[in-house]
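Some notes on the structure that comes next.
There are 2 protein chains.
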Amino acid sequence: MGVLERKIRQKEELRTAILDAAWQLVLTDGWQSLSIRKIADAIEYSIPVIYNHFENKDAILLEFTREGFLKLAAHLMTAKDGANTPAEQLERIADAYWDFAYANKEYYQLMFGLGIPACETVNQIPEMQEMTRILTSTIKAALAAGNNPEADYFLKFHTYWSILHGLVSIQMIEKDGKPDDIKKMILHDAMSGFIKSLMG
Amino acid sequence: MGVLERKIRQKEELRTAILDAAWQLVLTDGWQSLSIRKIADAIEYSIPVIYNHFENKDAILLEFTREGFLKLAAHLMTAKDGANTPAEQLERIADAYWDFAYANKEYYQLMFGLGIPACETVNQIPEMQEMTRILTSTIKAALAAGNNPEADYFLKFHTYWSILHGLVSIQMIEKDGKPDDIKKMILHDAMSGFIKSLMG
DNA sequence: GAGGTAAGTTAACAGTGTTATCAAAAATAC
DNA sequence: GTATTTTTGATAACACTGTTAACTTACCTC
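If you read the protein sequences in the order shown, they are chains A and B.
For what it's worth, the UniProt record's numbering labels the leading residue of the first sequence as 1, then goes sequentially.
For what it's worth, the UniProt record's numbering labels the leading residue of the second sequence as 1, then goes sequentially.
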C-alpha cells in the first residue's frame, strides 16, 4: 500500500510548486509585490492550501533566506578552494561574495533585509549630497596630506563609506548585543586599516 | 486682513502635526507598523486630510529620509570640525557616523532601506553559520600565516564581512550604474587595504 | 445675504495576510 | 459494497492596508 508514500510525495510536490511559483513571481515583480493570493493563483489552488504547507508568509520568506545562505556558502567554498594561500583565498572569497550578491540580487536583498525604498527614492535625495560632500572633501585632504596623492579620491570615498555602512548594518542585523565597546573596536580596527592604506 | 496668513499657518501646523504624529508612532512601533489611518487617528482628523499635505505615504517617508540625511550631515560636520589633520578627521567622522546610526536607528533604517526581517529572523538561521564558519577559518589561517598572529580573529572576521556587505549594499542602493569593472576596483581596493593590515 | 472656494467627512475600491466554516473526495473499516 | 472517518480543498469572511470619489459644511469674498 504505497498510498501513503504517494500522498506525502504529492504534498511535497505541492510544497515545491508553491516555492517555485513564489520564486517566479519574485523574479518578475520583486519581494514587495509577492502575495499569498498571487501564489495561490499561480499554482491554481485556493488560498488556504498554502497555509497547509507554510505557517505564514514569513515562513516562505524564511525558506528562501535559508536557501540563499546555503547557496552563498557553497559559492564561497568553491572560491576558497581555488586558491592556496589564505591571503589569496580572502581575495577570491571577496570576489565570490560580490558575484553572488549581484548574480542573485533577490536572494541577497531578502537575506539582509534590504528594503525597496532605497533603490528608487534615495537616489533623488539632494540632501544626501551634503553628506557625500563632507566625506569626499575630507578624503581629498587626507590624500593630499599623505603619500598617495595620485589615488582616486572617489574610489576611496566609496570604500570609506561602504566600510562604515557595512559595519553599522551588519551589527544592526545581529541583535545578540555585543557590548558597545567591542563594536567600536571593530570600527576602529577597520578604520585604522583603511586610513593606513589611504595615507600610504 | 491676516486671514490668509492664518490659513497657511494653520496648514503648516497641520503638516507638522502629521509629521510629529508619524514620528511618535515610528518610535513606538517602527516603520513597518506606520499607517495613514494611525496617523489620522493620532491627529484626530479624517484620512483624506493627510493627502492634502502629502501626495502619498512615500512622500511622508521621503520627508523623514531627507531630515535624516540633513541631521547626519550636520553631525558629521561638527565631528570633522573637532579635529585638525585629515586622518584624525576621518576617524572622528567614522565615530560620529556610528554614533548617529545607533542614536537614530529609525532614521538610519529608513535612509538605507534596512527592512525589518533581519533583526528578528536572520539571527535564528543556522544556515548562516556555514558561511561565517568559512570566513572565520580563512581569517584564522591568514592571521596564522601573517605577522599579526595575536590579532583577534573574530574582530577581523567582522571587519572583513562588514566591508563586503557595505560595498555590496551601498552600490545596490546607487542605481546610477557605474560600470561593473569600477565597482570591482572599489572592492579590490578595500580588500587589499584590509588584507595588508591583516597580515601585517 | 448670495455665490464660490476650500476644508473635512463619509464611504467605498482594491489590495493585503489570515482563518473559520463547510463541502467534497478519498482512504479506511466493516 | 456500503458506511464511517479522515483528509483536502474551496468559499467566504475578518481585519487590516493605501488611495480616492462624492458629498457636506464651513468660511471668505463680493
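Glycine included, each C-beta is placed from N, C-alpha and C at the ideal position.
Since the model is a prediction, treat every value here as computed from it, not as a measurement.
If you measure from the beta carbon of residue i to each beta carbon in chain B, is any gap under 8 Å?
i	result
S169 of chain A	yes
L187 of chain A	yes
R15 of chain A	no
L155 of chain A	yes
S46 of chain A	no
S162 of chain A	yes
I93 of chain A	yes
I60 of chain A	no
F112 of chain A	yes
P86 of chain A	yes
H53 of chain A	no
I18 of chain A	no
A96 of chain A	no
S197 of chain A	yes
Y107 of chain A	no
E130 of chain A	yes
A103 of chain A	no
G166 of chain A	yes
T159 of chain A	yes
L27 of chain A	no
What would DSSP say about residue i, mapped onto helix, strand or coil?
i	result
L114 of chain A	strand
L34 of chain B	coil
N104 of chain B	coil
P149 of chain A	coil
Y97 of chain A	helix
G166 of chain B	helix
E91 of chain A	helix
T28 of chain A	helix
T16 of chain B	helix
T159 of chain A	helix
M185 of chain A	helix
E5 of chain A	helix
G200 of chain A	coil
Q10 of chain A	helix
Which same chain residues end up closer than 7 Å to residue i when comparing Cβ atoms and leaving out the 5 residues on each side of it in sequence?
i	result
A151 of chain A	L143
A21 of chain B	I39, A42 and I43
L76 of chain B	I93, A96 and Y97
Y153 of chain B	T136, I139, K140 and L143
Over the uninterrupted alpha helix (DSSP H) stretch that includes residue i, give me the two end residues.
i	result
P126 of chain B	P126 to A145
K178 of chain A	K178 of chain A -> no alpha helix (DSSP H), and no H or E assigned at all.
T78 of chain B	K57 to D81
Y51 of chain B	I47 to H53
Who are the Cβ neighbours of residue i in its own chain at under 8 Å, not counting the five residues just before and after it?
i	result
L135 of chain B	F157, Y160 and W161
M191 of chain A	I163
S46 of chain A	A40
L114 of chain B	Y108
T132 of chain A	F157 and W161
A94 of chain B	none
I186 of chain B	L167 and Q171
I18 of chain B	I39, I43, I50, H53, F54 and I60
N147 of chain B	M199 and G200
F69 of chain A	M111
Using a Cβ-Cβ distance under 8 Å, would residue i count as near chain A?
i	result
I125 of chain B	yes
G193 of chain B	yes
K80 of chain B	yes
I134 of chain B	yes
L76 of chain B	yes
A22 of chain B	no
A141 of chain B	yes
Q89 of chain B	yes
A40 of chain B	no
F64 of chain B	no
L34 of chain B	no
Give every residue of the same chain whose Cβ lies closer than 6 Å to the Cβ of residue i, excluding the five residues on either side of it in the sequence, and list them in chain order.
i	result
L61 of chain A	none
P117 of chain B	Any reading at P117 of chain B needs caution, since the residue's pLDDT is 49, under 50, leaving its predicted position unreliable; the model's value is listed next. Closer than 6 Å at Cβ, skipping near neighbours: no residue.
F100 of chain A	L72 and H75
C119 of chain B	Residue placement at C119 of chain B is poorly supported in this model, since its pLDDT is 46, which falls under 50; the coordinates are not used for a value here.
Return yes when at least one heavy atom of the ligand MN lies under 7 Å from the C-beta of residue i, else no.
i	result
E130 of chain B	Here there are no bound small molecules, and the ligand MN is not part of this structure.
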